[in-house]
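Visitor: Below: one structure in C-alpha cells.
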Amino acid sequence: MITYLVPLVLIGGLTSAGVYLLLERTLTRMLLGLLLIGNAVNLLILNVGGPSGNPPVYGRSSNGAQTDADPLAQGMILTAIVISMGIAAFVLALAYRSYQLTTVEEVSNDPEDTRVAERADDDDLDRDIPDVVPARDTDAPDELDALPGAEGSR
Amino acid sequence: MSLATVLTPLPVLIPTIAAAATLVAGRSPRLQQLISLTSLTAVVAVCAALLYLVDRDGTVAVQVGGWGQSEPGMGPLGITLVADRLSVLMLVVSSIVLLAVVFYAIGQGISDGDERQPVSIFQPTYLILSAGVCTAFLAGDLFNLFVGFEVLLAASFVLLTIGGSAERVRAGIAYVMVSMVSSLIFLIGIALVYATTGTLNMAEVAVRLADVPDGTRTALFAVLLVAFGIKAAVFPLSTWLPDSYPTAPAPVTAVFAGLLTKVGVYAIIRAHSLLFPNGRLDNVLMVAALLTMLVGILGAIAQNDIKRLLSFTLVSHIGYMIFGIALGNHLGMSGAVYYVAHHIVVQTTLFLVVGLIERQAGASTLQRLGGLAAASPLLAFVFVIPALNLGGIPPFSGFIGKVALVEAGAQSGSSLAWVLVGGSVTTSLLTLYAVTRVWTKAFWRARADAPEGALSNTVPAALIDDDDDIAFADRSDVGRMPVGMLLPTGALIAVGLALTVFAGPIYGYSERAADEILDRNQYISAVLAP
Chain R
1 MITYLVPLVL IGGLTSAGVY LLLERTLTRM LLGLLLIGNA VNLLILNVGG PSGNPPVYGR
61 SSNGAQTDAD PLAQGMILTA IVISMGIAAF VLALAYRSYQ LTTVEEVSND PEDTRVAERA
121 DDDDLDRDIP DVVPARDTDA PDELDALPGA EGSR
Chain W
155 MSLATVLTPL PVLIPTIAAA ATLVAGRSPR LQQLISLTSL TAVVAVCAAL LYLVDRDGTV
215 AVQVGGWGQS EPGMGPLGIT LVADRLSVLM LVVSSIVLLA VVFYAIGQGI SDGDERQPVS
275 IFQPTYLILS AGVCTAFLAG DLFNLFVGFE VLLAASFVLL TIGGSAERVR AGIAYVMVSM
335 VSSLIFLIGI ALVYATTGTL NMAEVAVRLA DVPDGTRTAL FAVLLVAFGI KAAVFPLSTW
395 LPDSYPTAPA PVTAVFAGLL TKVGVYAIIR AHSLLFPNGR LDNVLMVAAL LTMLVGILGA
455 IAQNDIKRLL SFTLVSHIGY MIFGIALGNH LGMSGAVYYV AHHIVVQTTL FLVVGLIERQ
515 AGASTLQRLG GLAAASPLLA FVFVIPALNL GGIPPFSGFI GKVALVEAGA QSGSSLAWVL
575 VGGSVTTSLL TLYAVTRVWT KAFWRARADA PEGALSNTVP AALIDDDDDI AFADRSDVGR
635 MPVGMLLPTG ALIAVGLALT VFAGPIYGYS ERAADEILDR NQYISAVLAP
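Protein chains in written order, with our numbering: chain R, 1 to 154; chain W, 155 to 684.
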C-alpha cells in the first residue's frame with residue numbers, strides 16, 4: 001500500500017490544533033477543537049481505506065481505474081459526520097444555556113471539589129463534628145424532629 | 155432459523171421502537187410510563203430467554219438484514235450481532251436494572267408532582283439509552299460497538315443535563331467533552347484496525363491479527379484501551395466521573411453508575427481476550443487496576459456528599475474488574491464476570507437509596523444528615539444491606555467476587571499479582587470505612603449534631619435541580635418515602651441477595667462464560683462459519 005505524506009501531515013496538524021483548542025476553558029473553542037479532531041479522524045479513515053478507484057456502483061467507472069474504491073470507509077465517515085453534527089448541536093445548546101445562566105462562557109471548577117480541597121489545608125479535619133455539650137440530652141425532641149410519627153431523635 | 159436468532163435483535167429493537175412511541179405519546183405522561191414499563195419488561199423477558207438458550211446451545215450470531223458471507227474464508231458483509239454467555243449475562247443484569255430504575259423514576263415523578271417536571275423527554279431518552287447499552291453488548295463488529303457507545307452517550311448527555319440548571323450544565327460540559335474525546339480516540343483505533351486488517355468484524359479481526367507483527371498489535375490494543383479506559387473510568391482516566399455523575403437526578407445517576415462504566419469494562423474484556431489475547435499490556439493493566447482501586451477509595455473517604463462518595467467507590471471498584479481481566483487466567487476472568495454482575499446491581503441500589511435519603515431527610519450531604527436510623531428504620535435497613543455488600547462483608551456477593559479475585563491473584567503467583575491482592579484487600583477495608591462513615595454520621599448521630607442539620611434543600615430534586623436552601627423544619631414533604639421508590643429499591647436488594655443465595659449456579663455460569671471468553675474459537679466459529 002502506498003501512503004502519501006501530505007494527508008498524514010494534515011491529519012497530524014488538524015489533531016494538534018484540535019487538542020490545543022480542546023484544552024481551553026471556553027466552550028466554543030472546545031467545540032471547535034472537537035470538530036477539528038473529528039475531521040482529522042475522518043481524513044484518517046479515508047486515508048486508510050485504500051487507494052482511489054471506480055465508484056462502488058454497478059457498471060460505473062472513473063478515469064479507467066482497474067479496481068473499485070472501498071465504500072465502507074466512506075460509509076463510516078458519513079456516520080461519524082452525522083454523529084459529530086448531532087453532538088455539535090447539543091454542545092451549542094449547552095453553551096447557550098451556560099451563557100444564559102452564568103453570563104460567562106468559561107467552564108468553572110467544581111465547587112464541591114474546591115470545598116474538599118480546602119479541607120486539606122484545615123488543621124481541624126473533623127470540624128464537621130461540633131463541640132459536644134455534655135449537658136444536652138440528644139434524645140430529647142428538638143426543633144429538627146419534624147418527622148411525623150417520629151418525634152424524638154432516637 | 156432458531157428461536158435465539160429471532161430473539162437476539164429484540165433487546166435493541168424493542169426500546170428503540172418504544173422510544174419512538176413515547177415521543178409520539180409526549181402529551182400523555184401516563185401512556186409514556188406504560189409504554190416504557192411494558193417494553194422494558196419485555197426486554198427483561200427476552201434477555202432471560204436468551205440467557206437460557208445461549209447457555210444451552212452456545213453462541214448465537216445474527217447477520218442483520220441477511221447479509222451472509224461474501225465468499226468462503228471471508229467474514230460477513232453486514233452488521234453482525236453476537237450473543238455469547240458474557241454478553242447475555244450483561245444484558246440480563248442491565249435489563250433488570252433498567253426496569254427497576256424506570257419504575258423508581260416513575261414513582262419519584264408521581265410523588266414529586268409531574269407538572270413541574272420536563273418529563274416528556276425523560277422516557278424517550280431513557281429508552282434510547284437502554285437501546286444503546288443493549289447494542290454495545292450485542293455488537294459483533296467494532297464500528298457497531300462505536301455506534302452503540304454514541305447512542306448511549308448522546309442519550310446520557312440529555313439525561314445528565316435534564317432541567318438545565320447551572321450545576322448540571324457545568325457538569326454536563328465536562329462530561330460531554332471527555333466522552334467525545336474518548337469516542338474520537340476509539341474512532342482513531344477503529345481506523346487503525348481497519349488499516350491493519352481490512353475488516354472491522356471482531357471475529358475476523360481476531361483471526362487476521364494473528365498475522366500482524368507483535369508491535370503493531372500492541373499499539374492497536376493501547377489505542378483501544380485508552381478509549382475504553384476513559385469510558386470505564388480507569389485511573390488515570392477516571393477524574394471526569396465523580397465530577398459529573400452526582401449532579402444528575404437520583405435515578406439517572408443510579409443507571410449511569412450501574413451501566414455506563416460497565417459497558418466500558420465489557421469492551422475491555424472483548425478487546426483483551428478476543429482481539430488481543432497475547433497479554434502484552436497485562437502488567438500495565440495491573441498497575442492501572444491497583445491505582446484505580448486505591449486512588450478511588452482514598453477520594454471516597456474525603457467526600458462529604460454521599461453521591462460523590464459513592465461515585466468515588468464506583469471508580470475504585472472498577473479496579474477489581476480490571477484486576478481480574480489483567481490476570482488473564484480462568485479464575486480471574488470468571489471472578490471479573492461475576493464481579494461485574496454484582497457491581498452493576500449493588501452500585502445502582504446504593505444510588506437509589508441515596509435518592510430515598512434525599513426524600514426522607516431533604517439532603518444528601520453528611521453535613522446535614524443525622525438521626526436517620528431512628529427516623530426511618532426501614533431506610534436504615536435498605537441502606538445497610540447494599541452498603542455491607544459493597545464493602546465485601548460475607549456472605550454477600552461482594553465478598554464472593556472479591557474472594558474469587560484474590561484467589562485468582564494468588565494462583566497467578568507473580569509478585570505484581572500479590573501486590574494487587576494486598577491492594578484489593580486494603581480497598582475492601584477502606585470501602586467498609588467509607589460506608590461506615592456514612593452510617594455513623596447520617597444514621598446514628600442526632601440530626602442536631604450535624605453542623606448544618608437545620609438546613610435542607612428546597613425540593614427533593616426529582617428532575618429539577620434547585621440549589622436554594624431552606625430550614626429543614628419548613629420542609630413539609632420530607633419523611634414520607636413513596637412506595638413507588640421503595641419497591642424497586644427493595645427488588646434490586648433482592649436481586650443482590652439472589653446473587654449470594656444462588657451464587658453456586660451463577661458462579662458456575664460465569665465460569666462457563668470465562669471458558670468461552672478465553673477459548674476464542676467458539677465466538678469466532680459462530681460468526682465466521684454459521
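Ideal placement from N, C-alpha and C gives every residue a C-beta, glycine not left out.
(1) Measure the alpha-carbon distance for W/I339 versus W/L346 and round it to whole angstroms.
(2) State yes or no: is the beta carbon of W/L617 nearer than 8 Å to at least one beta carbon in chain R?
(3) Which residues mark the beginning and the end of the beta strand (DSSP E) in which W/A215 is found?
(4) What's the gap between the Cα of W/M447 and the Cα of W/L559?
(5) Which word fits R/T111, buried or exposed, when buried means at least 16 other C-beta atoms lie within 10 angstroms of its C-beta?
(6) I need the straight-line Cα distance from W/R666 to W/A285, nearest angstrom please.
(7) Enumerate in chain order the residues of its own chain whose CB-to-CB distance from R/L10 is below 6 Å, with the five nearest sequence positions on each side excluded.
(8) With 9 Å as the C-beta to C-beta threshold (strictly closer), list the residues of the region 158 to 181 of chain W near chain R in chain order.
(9) Express the C-alpha separation of W/S530 and R/S153 in angstroms, rounding to a whole number.
(10) Starting from W/A237, follow its DSSP beta bridges and name the residues at the other end.
(11) Assuming W/P278 contacts W/T192 under a Cβ cut-off of 8 Å, what Cβ separation, rounded to an integer in Å, is found between them?
(12) Within 8 Å (strictly less), CB to CB, does R/V104 reach chain W?
(13) Establish whether the CB of R/L101 and some CB of chain W are separated by less than 8 Å.
(14) For a contact defined as C-beta to C-beta under 7 Å, what are the partners of R/I2 on chain W?
(15) When you compare each of W/V500, W/V494, W/V536 to W/L510 by their alpha carbons, which one comes out closest?
(16) Which stretch, first to last residue, makes up the alpha helix (DSSP H) that contains W/S319?
(17) With a 10 Å radius around its C-beta and 16 neighbouring C-beta atoms as the bar for buried, classify W/I327 as buried or exposed.
(18) Determine, for W/F311, whether the minimum Cβ-Cβ distance to residues of chain C falls below 8 Å.
(19) Quick one: what's got a C-beta closer than 8 Å to W/G352's C-beta in the same chain, skipping five residues either side?
(20) Is the beta carbon of W/T503 closer than 8 Å to that of W/T690?
(21) Can you give me the C-alpha to C-alpha distance between R/A80 and W/L281, rounded to a whole angstrom?
(22) Using the DSSP secondary-structure output, state which residues sit across from W/A459 in a beta bridge.
(23) Quick one: does R/D110 have its CB under 8 Å from some CB of chain W?
(24) Leaving out five residues on either side along the sequence, give the residues of the same chain with a beta carbon under 7 Å from the beta carbon of W/A600.
(25) Could you give the first and the last residue of the continuous alpha helix (DSSP H) run that contains R/F90?
(26) For R/V82 and W/Q187, I'd like the C-alpha separation in whole angstroms.
(27) Run through DSSP, which three-state label would W/N355 get?
(28) Please report the distance separating the alpha-carbon of W/F466 from that of W/G555.
(29) Does W/D397 come within less than 8 Å of chain R when only Cβ atoms are used?
(30) Please confirm whether W/A680 and W/A173 have their CB atoms less than 8 Å apart.
(31) Need the endpoints of the alpha helix (DSSP H) that W/R599 sits in, please.
(32) Got a sec? Which residues, its chain only, sit under 8 Å from R/A73 by beta carbon, not counting five neighbours each side?
(33) Only counting the same chain, and skipping five residues up and downstream in sequence, which positions put a Cβ closer than 6 Å to that of W/V500?
(34) Between the alpha carbons of W/G563 and W/M635, how many angstroms are there, rounded?
(35) Is the separation between the beta-carbon of W/A259 and that of W/P405 shorter than 8 Å?
(36) Output the boundary residues of the alpha helix (DSSP H) element that contains W/V366.
Guide: Per the coordinate set shown:
(1) About 11 Å.
(2) Interpretation of W/L617 is limited by its pLDDT of 48, a score under 50 that renders its predicted location unreliable; the figure taken from the coordinates is listed afterwards. At a cut-off of 8 Å between beta-carbon atoms, W/L617 makes no contact with chain R.
(3) 214 to 217 is the span of the beta strand (DSSP E), which, as asked, contains W/A215.
(4) Per the coordinates, the alpha-carbon of W/M447 lies some 13 Å from the alpha-carbon of W/L559.
(5) The residue you asked about is not Thr; residue 111 of chain R is Pro in the sequence shown. Counting the other Cβ atoms within 10 Å of the Cβ of R/P111 gives fewer than 16, which makes it exposed.
(6) Straight-line measurement puts the Cα of W/A285 at about 26 Å from the Cα of W/R666.
(7) Nothing meets the Cβ criterion.
(8) Those would be none; no residue qualifies.
(9) Its pLDDT being 43, under 50, R/S153 is placed unreliably by the model, and nothing is read from it.
(10) DSSP lists W/V214 as partners of W/A237.
(11) That belief does not hold up - the Cβ atoms of W/P278 and W/T192 are roughly 15 Å apart, past 8 Å.
(12) Using beta-carbon distances, R/V104 does not count as an interface residue toward chain W, since no partner is under 8 Å.
(13) Yes, R/L101 lies at the interface with chain W (some Cβ there is under 8 Å from its Cβ).
(14) Chain W residues near R/I2: none, gap ~13 Å exceeds 7 Å.
(15) Checked all of W/V500, W/V494, W/V536; the closest Cα to W/L510 is W/V536.
(16) It is not in any alpha helix (DSSP H) - W/S319 carries neither H nor E in the DSSP assignment.
(17) Buried, because 16 or more other Cβ atoms sit within 10 Å of the Cβ of W/I327.
(18) Considering every chain present, this structure includes no chain C. Its protein chains are R and W.
(19) So the qualifying residues of the chain are R362.
(20) Nothing about residue 690 of chain W can be read from this structure; chain W reaches only from 155 to 684.
(21) In this structure, the straight-line span from the alpha carbon of R/A80 to that of W/L281 is close to 22 Å.
(22) Inspection of the sequence shows that residue 459 of chain W is occupied by Asp rather than by Ala. Beta-bridge pairing links W/D459 to W/T519.
(23) Yes, R/D110 counts as interfacial toward chain W.
(24) Exclusion of the five residues before and after W/A600 leaves G524, G525 as the residues of its chain whose Cβ lies within less than 7 Å of its Cβ.
(25) In this chain, the alpha helix (DSSP H) harbouring R/F90 covers 71 to 102.
(26) Rounded to the nearest angstrom, the two C-alpha atoms are 30 Å apart.
(27) Three-state result, W/N355: strand.
(28) Cα to Cα, the separation comes out at about 19 Å.
(29) So, interface residue.
(30) Contact: no.
(31) That residue, W/R599, is in no alpha helix (DSSP H); it is neither H nor E in DSSP.
(32) Cβ contact annotation for R/A73 (same chain, cutoff 8 Å, sequence separation greater than five): I45, L46, V48, G49, G50, in chain order.
(33) Only residues of its own chain outside the window of five on either side were considered, and among them P540, N543, L544, G650 have a CB closer than 6 Å to the CB of W/V500, listed in chain order.
(34) Straight through space, the alpha carbons of W/M635 and W/G563 are spaced by roughly 43 Å.
(35) The Cβ atoms of W/A259 and W/P405 lie closer than 8 Å to each other.
(36) Where W/V366 is concerned, there is no enclosing alpha helix (DSSP H), given that its DSSP letter is neither H nor E.
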